[in-house]
Every structure is written in structure tokens, then in C-alpha cells.
Amino acid sequence: MQVAIGADGVATHCPHCALQCGLTVLPEPVPTVVPRPFPTNCGELCDQGWNAFDEPETQPRLTTPLLRVGAELLPANWHTALDVAAARLHALRASHGSAAIGVSGSGALSNEAAYQLARFARLALGTDRLAYPGLGGVAAASAVVERAFGLDRGLPFPVSDLRTAGAVLLAGTNIAESMPPLLNQLRGVMDAGGLIVIDPARTPTAKLAALHLRPRPGTDPVLTLGLLHCVVADGLLKRSYVDDRTAGFASVWRTAQHWWPERVERITGVSVADQRTCARMLARASGAYVLTGRGTHRQPAAATALTGWINLSLALGLPGSPGAGFGCVTGQGNGRGVWEQGRLPGARDVDDVRGLVVFGSRKVRRELDLLVVADTVLSETAAAADIVFPVTRWAESTGTVTNLEGRLLLRHGAIPPPEGVRPDLAVLHGIAIRLGRAAAEFPTDPATVFAALTSASVGGRADYSGASYPRLISGQALHWPISGPRHPGTPRLFLHGFAHEDGRARFGEVLLNRGRNSP
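Structure follows, in C-alpha cells:
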């Protein structure tokens with residue numbers, strides 16, 4: 002899909018959630034946005050999108066680097082600030098080793114910045130301690146989904162596929178508030194009475210549902226076992242799919258057969274009738290989807306609950322079937338892309354480091370010998386830093402993002418940044434060369450970094466190698482994997498097999514806390 006924008010506006014994408022709605026930035030006289038037709042949002046924006054340029058008056062824009070002198074942060078020029086940052090990082094590494102330094106990013110980074118930040122950690126600092134506070138839900142969900150399907154992309158199908166669904170189950174996600182434009186994709190299923198919501202609270206999303214199941218907090222895994230029991234006991238199991246395309250069902254059923262609906266009702270509070278209605282709605286729909294969100298991914302029993310929902314979807318034959326599927330609804334703007342492009346082999350947490358370099362994240366780390374922060378305003382983290390670099394906002398620089406359906410999007414720089422502000426790539430370049438790296442290793446041009454990123458992804462699970470700025474500028478819809486310059490992308494995964502060597506998806510054991518989940 003290609004959108005023609007006049008000279009008075011630039012087509013780009015909203016930064017606030019992983020839906021990545023299409024919008025147009027009107028630079029003059031004051032930067033504003035208007036929605037534009039795009040497959041994910043159908044021409045609508047949420048409140049955050051409409052107010053993308055509004056900033057709290059209590060946080061004025063940073064336009065000059067800051068250096069801590071005693072208890073104060075004082076203005077400094079860029080040359081001095083970069084020199085000090087590099088010198089102190091070098092000294093810290095010499096005194097305590099590379100493992101004493103950590104790097105923290107966020108889902109607000111572009112793919113280019115996330116990729117370059119990982120290289121900066123590995124090459125310039127020599128550390129593998131790279132973390133993304135706030136992406137814990139993505140990380141936890143990704144591990145479970147990869148175990149089941151061999152690959153995780155969030156949604157392995159375009160969100161527009163939901164328009165023709167006969168039933169959609171939403172577990173632990175309140176999209177009416179977190180992603181309102183996504184409701185456009187669910188109008189058909191809501192009108193047909195096929196929306197099911199699993200949430201202990203009566204959320205705005207739950208109020209739109211034909212069926213709202215309210216399990217007691219922490220009992221989601223038990224509910225998934227009860228629903229699986231209903232599917233089998235009521236003759237709704239897709240036996241040919243299970244036999245031909247999955248492995249491990251027999252072991253899972255040995256557990257689920259003991260969780261008959263009456264027992265599940267005593268623990269979860271969800272009635273037997275509602276359990277059976279839910280199973281029938283999904284099984285008999287002309288295309289059904291099971292979608293999980295942060296409420297599932299961030300609970301104490303996240304892996305167990307998510308495994309249970311995957312098991313249910315496999316028993317119903319949904320993943321990898323045309324017009325049906327399972328997926329995870331992620332939240333942060335470029336959470337998917339950052340997780341895919343910013344991961345390091347053997348990455349560990351950063352709790353025991355003495356120095357921390359922070360890009361885009363606003364989680365404070367105290368008791369550090371050195372804290373370097375790149376941000377747009379003097380956030381709580383920046384206020385506690387030793388060195389602060391002022392960097393560009395989303396609409397002031399060009400770069401790619403990956404939305405929740407695995408689609409690569411080029412976000413265009415629409416307005417010039419204030420004088421004195423630099424892009425993330427320029428900051429990384431400035432510190433890296435002062436630490437002895439060659440300038441060519443850390444280019445500042447996003448297109449050059451993207452070309453390196455795509456080349457490095459060849460053969461990987463998240464293969465971007467066939468993507469390019471020209472293809473994205475032309476309006477091509479590119480969902481990874483994109484394994485060559487003429488490859489059309491893969492909007493729908495698993496139609497011909499899952500990403501395990503044998504092509505089969507895996508049922509997983511739902512391990513319950515017996516003290517909490519038993520009657």
C-alpha cells in the first residue's frame with residue numbers, strides 16, 4: 002500500500018504502541034498529526050497518537066549535554082561531554098573489567114538504534130550485559146512461543162485477518178484502552194457476538210464482549226486446563242490437526258483429563274456453563290483466534306498461563322490454519338523490533354554492574370559509579386545521571402520499526418530537531434570512536450545501519466535480509482522473514498509447517514502450584 006502525501010506533510014507511524022498506526026505529520030505552523038488510511042488502524046488514532054507532540058510543561062526539552070559537577074548537572078559542549086563519557090567508561094573498564102558495564106535500551110528505539118546499541122555494547126564496551134527494562138513481558142512470552150512453534154513474531158498473521166474472524170478470545174489484554182484502533186479489526190466479530198474476554202476485571206474491552214470469563218487472579222492456568230478438558234470431552238478436538246501437525250498432546254491430556262469443569266469452577270469461579278460455551282464458540286466459529294496480552298505475559302505464572310492458551314489453540318487447530326491463529330499482543334512502540342535486533346547471545350541482567358549507559362529507558366539505577374543517559378527531557382533517570390546527552394524524538398529522525406504483526410515500517414523524519422540535539426546513532430558514534438573503534442564501524446546514517454542490520458540477519462529467525470529502504474519507501478508490505486531482495490515477505494507464518502525441525506508445533510506441560518490451584 003502506497004500513500005501519497007503532499008509537500009505540507011510527511012507520512013510516518015505513531016510511536017506509542019506496537020500497532021504502529023499510520024499518521025501524517027503536518028510540520029507548520031505547529032507540528033500536529035492527522036490519521037491516514039493504513040491496514041492496522043483503518044484511519045483512526047488513539048488519544049496518544051493525536052497528542053504525539055504534547056509534552057508536560059514540567060519537562061522542558063533538553064538541547065545541550067549536561068555534566069555532573071558535585072550535586073549539579075551543568076551545561077557542556079558536545080565535544081567535552083563525549084570525551085568525558087568515553088574517558089570514564091574506559092577507566093571503569095580498566096579498573097573493573099568489561100562485565101562491570103551495562104547498557105540499557107527500550108522499546109522506544111528504532112531498529113537501527115537497537116542494532117547499533119547492541120554492537121556498541123559488544124564491540125566498543127566489550128560487554129554482553131544488555132537489558133531492556135519494560136520488555137520483560139515480551140521476553141517471557143517469546144521464550145514460551147518459541148518453544149511451542151519454533152519462532153516468535155508476536156502476531157504470525159496481519160491484524161487485518163481479524164476482520165473476518167468468527168470468534169476471538171482475548172486473554173489479559175484491554176485493547177479498548179491500550180490499543181483502541183485495534184478495535185476496528187474486531188467490529189465484525191463483535192457484531193456477530195463472537196468476542197470472548199478473559200479478565201478478572203470488568204474492563205472497557207470486557208464490556209464489549211459477548212462472553213466475559215472472570216477467573217480469580219492467578220487461576221488462569223487452571224482455566225486453560227478446564228477449557229481443554231471441555232474441548233476433548235465435548236467432541237471438539239481437531240484430531241487430524243493434532244495428529245498431523247503437533248507433538249505432545251497425550252502428555253498434556255493426562256493432566257487436563259483430571260480438570261473437569263466442576264472442579265475448575267470451584268477454583269476459578271468461572272461457571273461450567275461459561276467454560277463449555279467458550280469452548281464451543283471457538284470450536285464452531287468459521288475462523289477463530291486466541292490472543293494474549295500483558296495481563297497474561299506479566300503475571301507470576303506467565304509461562305504456565307501462556308502455555309495453557311497455546312495448548313487450547315492447538316487442540317482447536319488454530320495456529321498455522323488459514324483464517325485462524327494464535328498470537329501475542331505486545332505493547333511498547335517498537336518492542337518487537339528492539340527484542341529482535343537488540344538481543345545478544347548470553348545476555349544477562351544488569352543488576353550487578355558499576356556503570357550503566359541508558360538509551361530511551363527511564364528506569365533509575367542507583368548506587369552506580371557512572372550513569373550515562375541519552376534522553377529528550379530531564380527525566381528522573383537523567384536527573385540522577387553523571388552525563389546526559391540530548392537526543393532526537395521519533396518525528397525528528399528516520400528509522401525503521403517492526404510492529405506487532407512482524408511488518409517492517411519506515412518512520413520518516415518529519416521535522417528538524419532543535420539546535421544542539423543529536424540522533425542516537427550520532428551519540429553512539431561519538432563515544433565509540435573515542436573508545437578506539439573505527440568511524441566506519443558506527444555509521445550515523447540510518448540507511449547504512451539498516452543495510453548492515455539486514456545483512457547480519459541472513460539465516461536468522463527474524464530474517465530481514467530482503468528488506469531495504471527503497472522497498473519500504475515504495476510502500477511494499479514486508480513482514481519478516483524476508484529472505485532475499487525479491488522475496489515478498491511472509492505475512493502469514495506456519496501455513497506449511499512450524500519452525501521446528503520436524504515441522505510440528507509442541508504442546509507444553511501446564512505445571513500448577515498445587516498449594517494455590519488445588520481445591
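Heads up: the sequence shown runs through residues 2 to 520, numbered per this note's numbering. For each residue, glycine too, the CB sits at the ideal point set by N, CA and C. This structure is a prediction, so every number in the text was calculated from the model and none was measured.
Limits of the alpha helix (DSSP H) - the one that residue i falls within
i      : result
ALA119 : 112–120
ALA375 : No alpha helix (DSSP H) holds ALA375; the beta strand (DSSP E) holding it covers 371–376.
THR305 : 303–316
ILE176 : 176–179
ARG188 : 188–192
THR382 : 381–384
Rounded C-alpha distance that separates residue i from residue j
i      : j      : result
ARG215 : ILE199 : 6 Å
ARG277 : PRO16  : 40 Å
SER519 : THR220 : Legend: pLDDT at SER519 = 49, less than 50; position of this residue unreliable, no value from coordinates given.
ARG299 : ASN514 : 17 Å
TRP261 : TRP310 : 17 Å
LEU228 : ARG246 : 21 Å
VAL253 : ALA88  : 56 Å
ALA234 : SER111 : 48 Å
GLY490 : ALA478 : 8 Å
LEU67  : THR382 : 13 Å
ILE268 : SER287 : 31 Å
HIS97  : ALA125 : 16 Å
GLU263 : ARG217 : 15 Å
HIS497 : ARG408 : 20 Å
GLY332 : GLY338 : 12 Å
ALA144 : HIS413 : 32 Å
SER466 : TYR116 : 14 Å
ASP370 : GLY356 : 6 Å
GLN49  : GLY23  : 13 Å
GLY504 : ARG493 : 15 Å
VAL459 : LEU411 : 20 Å
LEU196 : SER322 : 19 Å
ASN175 : ALA210 : 11 Å
VAL104 : VAL359 : 6 Å
ALA142 : VAL85  : 39 Å
ARG435 : PHE443 : 12 Å
MET191 : ALA100 : 52 Å
ASP162 : ALA193 : 16 Å
SER294 : CYS279 : Just to set this straight, residue 294 is Gly in the shown sequence, not Ser. GLY294 and CYS279: Cα-Cα distance of roughly 18 Å.
PRO417 : TRP79  : 19 Å
Whole-angstrom C-beta distance between residue j and residue i, which should lie under 8 Å
i      : j      : result
VAL354 : ARG130 : 6 Å
GLY400 : PRO471 : Contact flag wrong, Cβ pair sits at about 15 Å.
VAL511 : LEU226 : 6 Å
LEU156 : GLY328 : 4 Å
GLY249 : ARG507 : 5 Å
ALA166 : TYR242 : About 18 Å separates the two Cβ atoms, so there is no contact after all.
THR377 : VAL392 : 6 Å
LEU317 : LEU292 : In fact, because the Cβ distance is near 14 Å, the residues do not count as touching under 8 Å.
ALA433 : THR445 : No, ALA433 and THR445 are not in contact; Cβ-Cβ is about 11 Å, not under 8 Å.
ALA177 : PRO205 : 4 Å
ALA468 : THR449 : Between THR449 and ALA468 the Cβ distance is about 14 Å, and since that is not below 8 Å, they are no contact.
TRP395 : VAL139 : With 8 Å as the limit, TRP395 and VAL139 do not qualify as a contact, their Cβ atoms being about 19 Å apart.
Extent of the continuous beta strand (DSSP E) to which residue i belongs
i      : result
ILE388 : 388–391
ALA12  : 11–14
GLY336 : Segment 336–342 is the alpha helix (DSSP H) holding GLY336; no beta strand (DSSP E) there.
ALA196 : Going by the sequence as given, residue 196 is Leu instead of Ala. LEU196 -> beta strand (DSSP E) spans 196–199.
Residue i - partner residues in DSSP beta bridges
i      : result
ALA168 : ALA289
THR331 : BP columns for THR331 are empty, so no partner.
GLY400 : ARG412
ALA144 : DSSP lists no partner for ALA144.
ARG507 : ALA248
ALA1   : Residue 1 is absent from the structure shown; the chain starts at 2 and stops at 520.
ARG62  : VAL378
PHE360 : ALA375
LEU67  : PRO76 and VAL389
GLY326 : TYR290
Beta carbon proximity, residue i to chain D, threshold 8 Å
i      : result
LEU411 : Note that chain D does not occur in the displayed structure, where there is just one protein chain.
**Request:** Identify every run of the alpha helix (DSSP H) within the segment 211–297, keeping only runs that are complete inside it and at least 4 residues long; order them along the chain.
**Result:** Runs of the alpha helix (DSSP H) inside the segment 211–297: 221–234, 240–246, 250–257, 262–269 and 273–285.
**Request:** Could you tell me which uninterrupted alpha helix (DSSP H) segments, each at least 4 residues in length, are contained entirely in the segment 18–53, listed from first to last along the chain?
**Result:** 48–51
**Asked** Which runs of the alpha helix (DSSP H), 4 residues or longer, sit entirely within the segment 70–116?
**Response** 79–97
**Item:** Start-end ranges of the alpha helix (DSSP H) lying completely within the segment 418–479, minimum 4 residues
**Value:** Those alpha helix (DSSP H) runs which fall completely within the segment 418–479 and span 4+ residues are 425–435, 447–457 and 470–474.
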